[in-house]
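Numbering (our numbering), first residue to last: 9 to 114. No residue lacks a Cβ here, since even glycine has one placed at the ideal position from N, Cα and C. The model shown is predicted, which means the values in this text are computed figures rather than measured ones. Data first, discussion second: the structure below is written as structure tokens.
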């Protein structure tokens, strides 16, 4: 399921040369995933993140992928210490980056 969603996101991105742009593009996926998890770890209500996503100027398919990220982030525990919050955000973003990179190689 995650692979299909990431492939849909990639299909709607303006990536002309995947071999040249894959790391840069996936870096954007990493950044978005990290921001989402950072907000989750800070205790931001999920509705606020959904509202921001709905107002984005992006194709609906891209918004749906971001909503999938939001759902996954909010299913993870919220930590009390800054160290664990940072680790959680980085791990979440790393997973999305890795999935994205792998999708270019398939």
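Short Cβ contact (9 Å threshold) for residue i with residue j
{"i": "residue 100", "j": "residue 80", "result": "yes"}
{"i": "residue 105", "j": "residue 29", "result": "no"}
{"i": "residue 61", "j": "residue 75", "result": "yes"}
{"i": "residue 54", "j": "residue 82", "result": "yes"}
{"i": "residue 78", "j": "residue 57", "result": "yes"}
{"i": "residue 91", "j": "residue 50", "result": "no"}
Three-state secondary structure (DSSP) of residue i
{"i": "residue 51", "result": "coil"}
{"i": "residue 81", "result": "helix"}
{"i": "residue 71", "result": "helix"}
CB-CB length for residue i against residue j, believed under 8 Å
{"i": "residue 96", "j": "residue 45", "result": "6 Å"}
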